[in-house]
Every structure is written in C-alpha cells, then in structure tokens.
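See structure below.
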Amino acid sequence: MAESYVTSTVRKFVERVNELCGDQDRNLAKIFDITYTNTLEETLEEDQNKNVFVLTGDIPAIWQRDSTAQLRPYLIMAQSDPRIADLILKVVKRQFFNMNLDPYANAFNISSNGHGHQSDCTDMGPWIWERKYELDSLCYPVQLAYLLYKNTGLTEQFDETFISATKKLLDVIETEQHHHEKSSYRFARKVEGSKDILENDGIGKPVGYTGMSWCGFRPSDDICHYGYLVPANMFAVVILRYLTEILTTILEEPQLASQAEKLATEIHDGIEKYGTMINDQGEKVYAYEVDGLGHQLLMDDSNVPSLLSAPYLNYLTMADPIYLATRNTLLSSSNPFYYVGTHGVGIGSPHTPENYIWPIALSVQGLTQPDRLEKLRLLKLLAKTTAGTNMMHESFDANNPANYSRSWFSWANMMYCELLLDYLGMKVKN
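687 is the number of the first residue of the sequence shown in this note's numbering; add one for each residue after it.
Structure, rendered in structure tokens:
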C-alpha cells in the first residue's frame, strides 16, 4: 500500500497556489490540487531498504526518468519543508541503488520479484522490469541528486552507492562513445510484431565516431532510428558538468571528476559538430538523431529530453539563436509529429497515435519561453483537454480530447504542476 505524504504543510502549499491563481484561474488550481497530491498519495512506497519506490502511475515499476520528473516540482517545497526534502532524498537513494544494480536498465521492480519483461533478449535480472538502454536513464538521477543539493543543501545522497553507481555511469557513457567496438549491450524482444529489436543481432545500426554517446532507445522507450540521440546527449553534457562539480567540491574524487569533465567536453563538441543540420529555410538547427555517417533526422518527440526541452535541461539558454531556429522549426509542419486540431495544437510522438498531442510537450513549450501570457494560454489549453478527469493524460486527440492514452500518468501530471508553479513565479533552483 502506497503511503500518503500529503501533510498539513502540503495542504497549506496547495492552498497558497489556489490563492495565487485567484477566481479567474480557479480551474487551474483545481487540477493542481488533484495532480499535485495524487503523486504523493498514490505512487510512493517504501522499499526493503527504507528508500522510496515511485510508480509511474498505471505501470507497477519505477522508471529512472519518470521518477525524477515526478518528484522535481516538489523541490520547491523542499526548500523549506524537511519532510519533503527527506522524501526526495529517499527517492534519489533508490535511483542510485537501481543504477548500481545495472546502469543499462531503464525500469526496475520494487524487489527482486522477477516481474516485467523477463523474456527480452538482454541481460535481465529479477530486479529489472525493463532493460532498454536510454542515455537519459543515467542522466535523470544525477539531475535530481544535484537539484536536491542546490535547493536544500543536502549532501547525504552522495554516499558510497552514489560513487559506485557514478563510476558505472561514466564507464557506460564512455564505452558507448565506441558502441560497436566496445559495448557488450544487446537488445531484442520476443514478441510477435515487436519493433523493439536492435538490428545486427541486437547491437544496432552502424554509427561513426562523433564524440557523442550511443543509446538504443528514446525517452519514449521507442527504438532510436539512428544511434546518437542529440537531446539525450545534451542532457548528458549537463549532468556530467553537475558530476564534475559534485566530485570536486563535495566529494574528493579527482579522477572521476576529470573523467566526467572530459566526457562533457567531448560530447558537447560532438553535438555542435555532428548534431546540427540545415532546415528548409536554410537555418542551422539541431537534429533529433544522427549516426555520424551523414544521416540526420529532423523531428522532435514529446518525451523529455527533447530538443524543445534543451533550455529546461540547462544545456543552453532560451535566447540561443540555434535553439530559437530549432524551436520555430519543431513548432511547425516541418516536424512530422507537430499536430494541429480543433481542440489543440502541439507536439505528439510516434509512440502514440497520429494527431495525438502530449501534455508533457505543451508543458515544456511553456517552460522554455519567458512570456507569462503564453504560459497561461498553454495552461488553459491543458485544462481543457483532461476529458473531465482533471488529470493529465499521456496524449489526447487534437480533435477530440475525450480520446486519450493512459488515464493515469504521473509524469504528465507533474509537468503541468511545474508549469503552473513557474507561471506563478515559483521555480526550481538550478
């Protein structure tokens, strides 16, 4: 049974948000009340090590990615609420426990119960729910650990497990710079009609060296078309710099700090050299995926890390000229997953049906531009697409929001909450 962390302090915070919204934005506050408390009431469970396991919502597993995004908005409360800070600390410790078990896995069971995709052709184990290697699964726990430190001053998360997992993280990112030459990672799924099979006996399509780090799957859990997912590599640059700071100023680990700094530089240079392309307007923009052999993919996916989310992840600023050109391209018909309907306009995903827009993408769209009125417009759009549930869904039909995927998706709920808090002037420190 999940434990509720909705304390009187949480209730007072929700009431404060309600007051700041005022009568004009009452519906926005109502959705916030439901979604902000839902994650605290329904998704958190203490594990056998007294750490906290986070359900994604309707799937009984913890994703390294989702669990960070689910907890990130609570960092604002953690700045003044020790109980919320302790909750996030326990989630971080669980994430690094997971990473230390297997840095290639993206999702884990609460215990070694053998649930999940045990028939997949990869090195599965009873703790692992799914073992799709996604670079962002290494990045997100570092982000949460670092932001917890920045928002609260806590350093307890930087323990022996953190160091052990960080060593594995750095080695994996370095190995995957030379995927075909050095990596032992393989993946295929024994399901009829499955698209989750890496070519060449599970190793993937050929890639050339770029300095970037290879990954097999996108943050949607869909297979990468080309081997270098540019937004994931952007995120890697950010967290490698976080690690350099942590390993220098908090922990005395000069060798690991040097390795992290070197990787950050190599990946950043690789992105800027190989990860860009020219759009139809003749502008330099970031590609979504490349292979280092001349192939480039112009698109964006709603799942974060995305190209749209680059300033949100702290890779660059909102005013960066290449980002602005990329943003304008992605929020147009040049992006094959940009949908325009009678009830909404926004970015969707190949992971869901055509013409289905993702609330996560709409939230990111609001969080990556400074116009407060535009944030409000997007919040009101999100509020109109819940199909009466007052909760965000994975995606909704741009022409009929009553059609949607995933009735309970905590990540989307919390992205809405973060956008509303941002609109009200409450931000996560980074």
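All residues carry an ideal CB built from backbone N, CA and C; glycine is no exception.
key: Alpha carbon of A1073 to alpha carbon of L757, nearest angstrom   = Taking the straight line joining both Cα atoms gives about 25 Å.
_Going by DSSP in three states, E969 sits in which element: helix, strand or coil?_
If DSSP states are grouped into helix, strand and coil, E969 belongs with coil.
Residue from E820, D907, K853 whose Cα sits closest to the Cα of C901 | E820
- Message: By the DSSP assignment, the alpha helix (DSSP H) with D845 in it spans what residues?
- Response: Element bounds for D845: n/a, residue is neither H nor E.
- Cβ-Cβ separation, S798 to W813 (assumed contact under 8 Å), whole Å: Between W813 and S798, the beta carbon gap of about 5 Å places them in contact (Cβ cut-off 8 Å).
### Query
Which term fits A1088, buried or exposed, when burial requires 16 or more other beta carbons within 10 angstroms of its beta carbon?
exposed
>> Among L726, A874, Y835, G894, whose alpha-carbon lies nearest the alpha-carbon of G888?
In response: A874
**Prompt:** Are there 16 or more other CB atoms within 10 angstroms of the CB of D977, so buried, or fewer, so exposed?
**Reply:** buried
Entirely enclosed beta strand (DSSP E) segments - the region 764 to 816, minimum 3 residues: Correct list: 814 to 816.
Tell me where the beta strand (DSSP E) around D1083 begins and ends. Its beta strand (DSSP E) spans residues 1081 to 1083.
- Task: Output yes or no for whether 8 Å exceeds the beta carbon distance between D667 and L1010.
- Result: Residue 667 falls outside the range modelled here, since the chain spans only 687 to 1116, and no answer is possible.
By alpha-carbon positions, which one of M1078, A791, A747, R1013 ends up nearest to L855? A791
Report the residue from E842, L984, C1103 whose alpha carbon sits nearest the alpha carbon of L773.
When each option's Cα is compared against that of L773, the closest is E842.
Should A755 and V990 be called a contact, given that it needs their Cβ atoms to be closer than 8 Å? Yes; because the gap between Cβ atoms is below 8 Å, this pair is in contact.
Notebook entry, point to check: Can you name the start and end residues of the alpha helix (DSSP H) that T721 belongs to?
Noted result: 712 to 728
TODO: Could you check if L979 is buried or exposed, using at least 16 other CB atoms within 10 Å of its CB as the buried criterion?
DONE: Per the 10 Å Cβ criterion, exposed.
| message | In the DSSP assignment, the beta strand (DSSP E) including T962 goes from what residue to what residue? | response | 962 to 964
- [ ] Please state whether DSSP places G839 in a helix, a strand or coil.
- [x] coil
Original post:
Mind checking H954: buried by the 16 CB within 10 Å criterion, or exposed?
Top reply: buried
Please classify E1060 as buried or exposed, where buried requires at least 16 neighbouring CB atoms within 10 angstroms.
exposed
Take the Cβ of P917 as the centre, count every other Cβ of all protein chains shown within 10 Å, and call the residue buried at 16 or more, exposed below.
buried
- Message: I need the DSSP call for G1052, collapsed to helix, strand or coil.
- Response: helix
How long is the line joining the alpha carbons of N704 and K716, rounded to whole angstroms? 8 Å
**Asked** Thinking C-beta only, is Y1001 closer than 8 Å to L1065?
**Response** no
For L1107, does the three-state DSSP call read helix, strand or coil? helix
- Unbroken beta strand (DSSP E) runs of length 3 or more, entirely within the region 912 to 996: which are they? Runs of the beta strand (DSSP E) inside the region 912 to 996: 962 to 964, 970 to 972.
Return the chain-ordered list of same chain residues with a C-beta closer than 6 Å to the C-beta of H681, the five sequence neighbours on each side being excluded. The structure shown has nothing for residue 681, since the chain only spans 687 to 1116.
In whole angstroms, what is the alpha-carbon distance linking H866 and A831?
Note on geometry: alpha-carbon atoms of H866 and A831 lie some 31 Å from one another.
Within a Cβ cutoff of 6 Å, which residues of the same chain sit near V696, ignoring the five residues on either side of it in sequence?
none
**Message:** With a threshold of 8 Å, are at least 3 pairs of Cβ atoms found where one atom belongs to the region 961 to 978 and the other to the region 930 to 947?
**Reply:** no
**Asked** Do you know offhand how far A747's Cα is from H801's?
**Response** 9 Å
Notebook entry, point to check: Ordered along the chain, which non-local residues of its own chain (more than five positions away) have a Cβ less than 6 Å from that of F848?
Noted result: Around F848, the same chain offers F782 as residues with beta carbons nearer than 6 Å, after the five sequence neighbours per side are excluded.
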